[in-house]
Amino acid sequence: MRRSLCLGIASLFTVACGRGEDPAYARGSTVVIAARDDRDVLPDVNDFDFLFFLPLATRDKGELEGRLAKSWEHSPDFKEWTYHLRTDVRWQDGVPTTAHDVKFTLDLLGHPDVAIYPGMFATVVDDSTVTIRAEKPHYISDIVYYPRHLLKELHPKQFKEWEFWFRPVGNGPYRFVRYVPQTLMEFETSPDYFGAKPRIDRVILKFVGDAWLTELLAGNVDIAFGSRAQISRVTRDPRFRVYHGVPFGALAIYWRTDHPLFRDPRVRRALTLATDRPELARRLNLPPEAPITDAPRTWQQARRGEFSAAFPYDPDEARRLLDVAGWIDGDGDGVREHAGRPFRFTAKVWNDRGAPELAIYVQEYLRQVGVQMEVVLLEEALMWKNLRGNYEALLFRHNTGPEAQVRSFGRDNQTGYRNPAAFDIIDRIGATADPDEEDRLYGEFAEIIRAELPLTRLVWSTGATYAHRRVRGLNTPSRASAATYMEELWVEDARQ
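Using our numbering, the first residue of the sequence shown is number 891, and each one after it goes up by one.
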């Protein structure tokens, strides 16, 4: 007993001392972000390049806010935009940033050897004016721009191997300080930045591999981006907060609608009603405001938080619909049958982002209404291959963008879905760049999807940002990306 008491006192003393010696507070106005490795700083991998390069504009709650551009106007069809650039922005070697840098960047990102953002064409009007033509110009807020004078002689074929990415010369709120391969990159506030000086003086990207959780809990990093499966473990520690991004997609079960088991829309509705999706969200530690919807929304609808109500959890109605559709458990073995065929199927499940855990819960919900689901886990590459038709049911992500609707439910889809009215709406969605028209068309498409339910959207799919409570200014959902909004964040001594 004496030994146990001493160990208990020692343990309490260690915890108390640990709280008082949290290394995060010793860093002052330096914020350390966990990154997987050096290649996380490459273009279009993460948002780290927003620390030191400027976009034309960013989006906050759906509205464009100028950065490199001070104003803009668009053509009636929204596919051509003219941007008027600030004239007081310079690269950190003193050279002015101009419209030629914008054109160079879009030409580079559309080059066949790079192909990150194809189909965007820029025309220089003068040094501070550029016109951009694109079928889907909403990507413009995702793009930062590079210095033409430093990169124009480099070959695009070696784009991802350029040394420039590891010693960048930018025009953003932070400037490069040092790079230690496989260890860190360090940045400090840029004295030449056109905007207000950021309140966080220094940012360090620490390359930690898969050890982000260990590094976060040890106090070695302030911010990490990781699996939602770790939310409960992090939130048990009062030092940390979790932020979720805008829900642009969902984890969903695609039903093979031309398969005998799932051909009847009453059956698909029954399977949706049998699944307690609010409980799934709670089990995955999603925030209470996490939307549950039966149809995708546009980018701007998602940013504004405009989500239609989903079908409720109603297992009794699910059983009734299955009965009406002819699926009855005639032999009392717990599995329904129809024309001698038991209601058994295999769901191929994405082995990532909490999908395996979801599948186990869904499996139990369906069992309770007499449906037996087996689970096979697959990696992402195989999931995309199976989405082209080789499945009975598929638990994978369903994104909100027009391209995802074309792939899943358009004219040439291989999910078995056939609805000419939906095909026509999807064609019109793909042809417009008018955000208001896109909102309207998505509303029409949502009504069809809700009526037919070719998939059951389970929970929203978005990244989780884990941050020490001393880092302030983040929020769910519009400002969950710390790297994008670092210049608007600050640190406080939150120990009190």
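Virtual Cβ for every residue (Gly too), placed ideally from N, Cα, C.
All values reported here derive from a predicted model rather than from experimental measurement.
Each residue's CA atom was taken as its position, placing residue 1319 and residue 1328 some 6 Å apart. Residue 1217 sits in coil when the DSSP states are folded into three classes, being neither helix nor strand.
According to the DSSP assignment, residue 920 belongs to the beta strand (DSSP E) that extends over 920-925. Within the stretch 1149-1191, the alpha helix (DSSP H) runs of at least 4 residues that lie entirely inside it are, in chain order, 1155-1163 and 1167-1173.
In the assembly as shown, residue 977 is an exposed residue. Its beta-carbon has fewer than 16 other beta-carbons within 10 Å. Between residue 1097 and residue 926 a beta carbon distance of about 7 Å is seen, short of the 8 Å cut, so the two are scored as contacting. C-alpha of residue 953 to C-alpha of residue 1368: approximately 11 Å in a straight line. Here the C-alpha atom of residue 1344 lies approximately 7 Å from the C-alpha atom of residue 1158.
For residue 1010, the enclosing beta strand (DSSP E) begins and ends at 1010-1016. Per the C-alpha coordinates, the member of 1255, 1260, 1258 and 1284 positioned closest to residue 1269 is 1284.
Inclusion of residue 1235 and residue 1151 in the CB contact set at 8 Å is warranted, their separation being smaller than that value.
Inter-residue distance for residue 1370 and residue 1115 is about 10 Å (C-alpha atoms, whole angstroms). Restricting attention to 1041, 979, 1050 and 972, the CA atom closest to the CA of residue 1012 is found in 972. The alpha-carbon of residue 1237 is positioned some 48 Å away from that of residue 1037. In this structure residue 1143 is buried. Its beta-carbon is surrounded by 16 or more other beta-carbon atoms within 10 angstroms. For the pair residue 1357 and residue 1093, the Cα-to-Cα distance works out to about 14 Å. Note on the stretch 1214-1271: whole beta strand (DSSP E) runs with a minimum of 3 residues are 1234-1240 and 1262-1268, in chain order. In the three-state DSSP reduction, residue 1315 falls in the helix class (H, G or I). Here the alpha carbons of residue 1087 and residue 1081 stand approximately 8 Å from one another. Sequence-distant partners of residue 1232 (beyond 5 residues in either direction) whose C-beta falls short of 6 Å from its own C-beta, in its chain, are 1225. With 16 or more neighbouring CB atoms inside 10 Å of its own CB, residue 1288 falls in the buried class.
Comparing alpha-carbon positions, the option among 1359, 1377 and 1364 lying closest to residue 1129 turns out to be 1359. Assignment of residue 1050 by DSSP, reduced to helix, strand and coil, places it in the helix class. The C-alpha of residue 1068 lies about 22 Å from the C-alpha of residue 1102. For residue 1164 and residue 1281, the gap between their C-alpha atoms comes out near 21 Å.
Taking the C-beta atoms as reference points, residue 1004 is found no nearer than 8 Å to residue 1054.
For residue 1340 and residue 1184, the gap between their C-alpha atoms comes out near 6 Å. Taken in chain order, the complete beta strand (DSSP E) segments of 3 residues or longer contained in the stretch 1286-1364 are 1345-1351 and 1354-1358. In the displayed model, residue 948 falls within a strand according to three-state DSSP. By a beta-carbon distance limit of 8 Å, residue 960 contacts residue 974. Their separation comes to about 6 Å. When the alpha-carbon of residue 1212 is set against those of 1245, 1181 and 1261, the nearest one is in 1261.
Following the DSSP letters along the chain, one finds residue 1068 inside the beta strand (DSSP E) bounded by residues 1064-1070.
Assignment of beta-bridge partners to residue 963 by DSSP yields 972. Counting C-beta atoms within 10 angstroms of its own C-beta, residue 1311 has fewer than 16 neighbours from the protein chains shown and is therefore classed as exposed. The shortest C-alpha to C-alpha distance from residue 1040 to any of 1047, 981, 1074 and 1002 is the one to 981. According to DSSP, residue pairing for residue 1283 in a beta bridge involves 1145 and 1237.
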